[in-house]
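Residue numbers (the working numbering): 144 to 305. Just so you know, even glycine gets a beta-carbon here, dropped at the ideal spot from N, CA and C. Predicted model, so just to flag it, every value in this text is computed and none were measured. Below is one structure, written out as structure tokens; comments come after it.
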């Protein structure tokens with residue numbers, strides 16, 4: 144379950160990048176801000192997690208550009224002064240293990256969109272016709288769309304490296 148804490152903004156500082164030759168995202172931390180001892184998995188993307196605090200790191204993982212559909216995207220607006228955390232109330236998280244995030248609509252796969260003009264990448268289900276409750280930046284240029292405490296979309300504005 145994702146939880147939004149209002150009143151302060153704690154994000155992982157750094158830079159998201161996309162390596163064309165590896166077909167993958169990576170995140171370069173400015174500094175190690177907290178211990179990451181778990182990983183949340185969304186399709187082929189991973190989000191580092193500090194189990195004790197629920198704080199999230201920058202996204203990394205395989206995502207070939209051949210799956211990216213060109214689309215003009217509205218620039219996401221993050222709710223100000225919010226901190227995104229992840230907790231599981233009925234399950235004890237074990238350090239060094241991954242937790243797969245089940246999409247809100249389980250039988251449908253997420254689609255990847257990319258706006259060449261703005262540089263934003265978005266992955267979410269294209270037929271999910273809802274407005275998220277919150278959009279929260281949890282790492283530099285990396286935002287999560289949250290609806291009823293569930294992750295429904297991920298936004299990344301990476302530097303593209305050949």
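Which same chain residues, not among the five before or five after residue i, have their C-beta less than 6 Å away from its C-beta?
i, result
"residue 148", "226"
"residue 288", "275, 278, 295 and 296"
Given a cut-off of 8 Å on the beta-carbon distance, is the pair residue i and residue j in contact?
i, j, result
"residue 153", "residue 198", "yes"
"residue 200", "residue 155", "yes"
"residue 219", "residue 298", "yes"
"residue 164", "residue 305", "yes"
"residue 166", "residue 208", "yes"
"residue 168", "residue 161", "yes"
"residue 300", "residue 256", "no"
"residue 173", "residue 193", "no"
"residue 229", "residue 183", "yes"
"residue 273", "residue 290", "yes"
Can you list, in chain order, the residues of its chain with a C-beta nearer than 7 Å to that of residue i? Leave out the 5 residues immediately preceding and following it.
i, result
"residue 286", "219, 221, 278, 279, 280 and 298"
"residue 253", "186, 246, 266, 267 and 268"
"residue 216", "256, 258, 261, 263 and 265"
"residue 205", "166, 167 and 187"
"residue 210", "255"
Taking residue i as the reference, give the member of the options with the closest Cα.
i, options, result
"residue 159", "282, 296 and 295", "282"
"residue 223", "150, 145 and 144", "150"
Ordered along the chain, which non-local residues of its own chain (more than five positions away) have a Cβ less than 8 Å from that of residue i?
i, result
"residue 212", "254, 255, 256 and 257"
"residue 250", "A caution first: residue 250 carries a pLDDT of 46, below 50, which makes its placement in the model unreliable, though a value can still be read off. If we look at residue 250 and ignore the five residues flanking it on each side, it has no Cβ neighbours."
"residue 292", "144, 145 and 146"
Go to residue i, then tell me how far its beta strand (DSSP E) extends in each direction, as first and last residue.
i, result
"residue 174", "Careful: residue 174 lies outside any beta strand (DSSP E) and carries neither H nor E."
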